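Have a look at the structure below, then the notes.
Protein chains in written order, with the numbering used here: chain A, 1413 to 1755; chain B, 161 to 515.
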């Protein structure tokens, strides 16, 4: 699907003001002494058939955001609206377990570590069949045929279905995890760092497979990763997270070449480019990522921002549209001239 | 000290020379041939990159030079020479050659070299720092072992080297425990520890792989600065081609226990010769390339380390393989440009039998 078509597509997911706080407990009585604001007000929407990249450094809340969207974690606040093919628009945050069971087949997840996300005591057949059995989609020979089809779809031989996960390499295990996610013909798949545990030569195989499957089955991806070159390659739009908030969201090209948030600029400068003739010095970010337990006043990024002015430490900037469909959370997003990934 | 030949040289271009190194691991499951004839020169004061995928032998190469190959691994063939600068009384220094392969890995000679001449930093600083000692104690351990000084002087040096490693508040940090520091700060502490005795070679084994991209950039910048100021050689082991392009002067590409191509960094990226190097460069997404072209993966998988592959180890995945040649013999290393060597039958007819 080319970009113009994508812009016309209707929405599949609309998230507003999503928050997920975890209590910090301490002492003998496990008293709550603080709150980790893992996801602290996330707004995003996803169109049908697109790939939304979600990037940020470890601890910024990207995995928690993904899991809260799927209601694998109970949100603290906010709205998660999902456009179910049968039920129409539903508010996931209000649904009970029983109600969710009807929507869940349409929302799946692929995990980072293909070694811990497959049960070592189950055969590949049982792993992939499990969602089909739980949802009573198929049984007997039909079930077996469906598993064989799924294995073929992800580029593996059906003969392998009686083997256990340990018999496979990392890339093959990731394919098994993808087959399991595809079993129920989902609409939305959250890919949580799906290639970061794989060798470089295997990463490309899995990325190509994900792209092929998207075209073949009309899938929508939220692609969570920290590798900015992988995210640039696979995403139509990209959201950058910092301390539980999205600080910038735009089409991949705009975000990479004309960023509007100083944190995005620093991230782009930090990527080690595989070109020895382009040895640019990174933008020095002083200090460390702010703590989500005790975030700074005003803009969370201001203590490390080289463009920070007085207002930045006092007022939290709003997440607003700077140019059409290019959102940023910065007081000076309109005036700053920031460098992109080549600049 | 046996096996030390004094060479007449007074300066050294090379600090380490590895020749035809074989390291095998004799396990219950069979023999894993981790290194299958590695030859590598480490020039003084330069950054040498060693790239390859997991299991190709990058880390084992560094550990072998340090003589730290873990059980049940053994150096079965080849030699490792260290060129050591020794100061004479009249102020002139001489270079002596030490054959590291002849040394007892637990003996006094290697222990005087390890930590002092050859130092190493690892991927995950939390597992390489001792959680029950302070940062200061761990840095001072090496200083007290290799240099004649008092505890007080050692502590001053520890504070000094931490400051050079960009550690904020080094005077407080020496009294801190590893768990009290963030990942980036722990890596700075590791670098400080490794550099405390001004080694001539620093082996950096994936030092930034566990770090976030902005922290990674800070650490790479720091290593560049310290390398320029202290002049040691760095052997930079990584699978990240971006890091290699940014950091290294020369690069060795490894595949299954062999160096398949070695070249200065620019020719390696702009005129790669070995099919594996070319395929590797094509398979990664290039940030800022503005293309949505499909990636070209390398087909197949990295073979099992216990498998013995007849012929060139890359031939089962290679697009240019010549039947009857590549699957029979191992190609010899040939020079294809200035300081640019490659091991492939596209460039030579010479090879050796294996099996």
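All C-beta atoms in this analysis are idealised placements derived from N, C-alpha and C, irrespective of residue type, glycine included.
This structure is a prediction, so every number in the text was calculated from the model and none was measured.
In summary, the residues of the region 339-367 of chain B whose CB is separated from some CB of chain A by less than 9 angstroms are 342, 343, 344 and 345, in the order they occur in the chain.
Assignment of residue 1712 of chain A by DSSP, reduced to helix, strand and coil, places it in the coil class. Between residue 1455 of chain A and residue 1658 of chain A the beta-carbon gap is near 7 angstroms, inside 8 angstroms, which marks them as a contact. Under a criterion of Cβ atoms nearer than 8 angstroms, the residues of chain A adjacent to residue 376 of chain B are, in order, 1682 and 1684. Proximity of residue 1697 of chain A to chain B, defined by a Cβ-Cβ separation below 8 angstroms, is satisfied. Counting every other CB atom within 10 Å of its CB across the protein chains shown gives residue 1546 of chain A a total below 16, marking it as exposed.
Each of B/194, B/481 and B/185 was checked against the Cα of residue 419 of chain B, and the nearest Cα belongs to B/194.
By the CB criterion at 8 angstroms, residue 389 of chain B and residue 410 of chain B fall outside the cutoff. The alpha carbon of residue 1627 of chain A has as its nearest neighbour, out of A/1495, A/1615, A/1612 and A/1646, the alpha carbon of A/1646. Separation of the CB atoms of residue 361 of chain B and residue 277 of chain B is rounded to 7 angstroms, and the pair is thereby assigned contact status at 8 angstroms. For residue 483 of chain B, no pairing in a beta bridge is given by DSSP. For residue 1431 of chain A, the enclosing beta strand (DSSP E) covers residues 1423-1438.
Within the region 1575-1658 of chain A, the runs of beta strand (DSSP E) at least 3 residues long that lie entirely inside it are, in chain order, 1600-1604, 1632-1637 and 1649-1654. In terms of CA proximity to residue 230 of chain B, B/184 leads the group B/184, B/288 and B/299. By the Cβ-count criterion, residue 1474 of chain A is buried, with 16 or more other Cβ atoms from all chains shown falling within 10 Å of its own Cβ. What residue 1489 of chain A touches in chain B, judged by beta-carbon distance under 8 angstroms, is nothing: the nearest beta carbon there is about 27 angstroms away.
When A/1601, A/1625, A/1666 and A/1704 are compared, the shortest CA-CA separation from residue 1563 of chain A is found for A/1625. Taking the beta carbon of residue 454 of chain B as reference, the chain A residues within 7 angstroms of it are 1620, listed in sequence order. Contact between residue 1526 of chain A and residue 1593 of chain A is absent: CB atoms are separated by about 12 angstroms, not below the 8 angstroms threshold.
For the options B/453, B/452, B/413 and B/197, the alpha carbon positioned closest to that of residue 434 of chain B is the one of B/413. In the DSSP annotation of this structure, the continuous segment of the beta strand (DSSP E) that includes residue 1738 of chain A starts and ends at 1738-1740. Residues 283, 284 and 343 of the same chain have their beta carbon placed closer than 7 angstroms to that of residue 370 of chain B, with the five preceding and five following residues left out of the count. For the region 1606-1632 of chain A, the residues whose beta carbon sits under 9 angstroms from a beta carbon of chain B are, in order, 1611, 1612, 1613, 1614, 1615, 1616, 1617, 1618, 1619, 1620 and 1623. Within chain A, 1613, 1614, 1615, 1616, 1617, 1618, 1619 and 1620 have C-beta atoms less than 9 angstroms from the C-beta of residue 457 of chain B, given in sequence order. Taking all protein chains shown into account, residue 347 of chain B has 16 or more neighbouring C-beta atoms within 10 Å of its C-beta and is therefore buried.
Under the 8 angstroms criterion on CB atoms, residue 388 of chain B is classed as non-interfacial with respect to chain A. About 6 angstroms separates the Cβ atoms of residue 1671 of chain A and residue 1752 of chain A, confirming a contact at the 8 angstroms cut-off. For residue 381 of chain B, the neighbours in chain A by C-beta distance under 9 angstroms run, in chain order, 1693, 1694 and 1696.
Residue nearest to residue 349 of chain B within the set B/321, B/449 and B/177 is B/321 (criterion: CA-CA distance).
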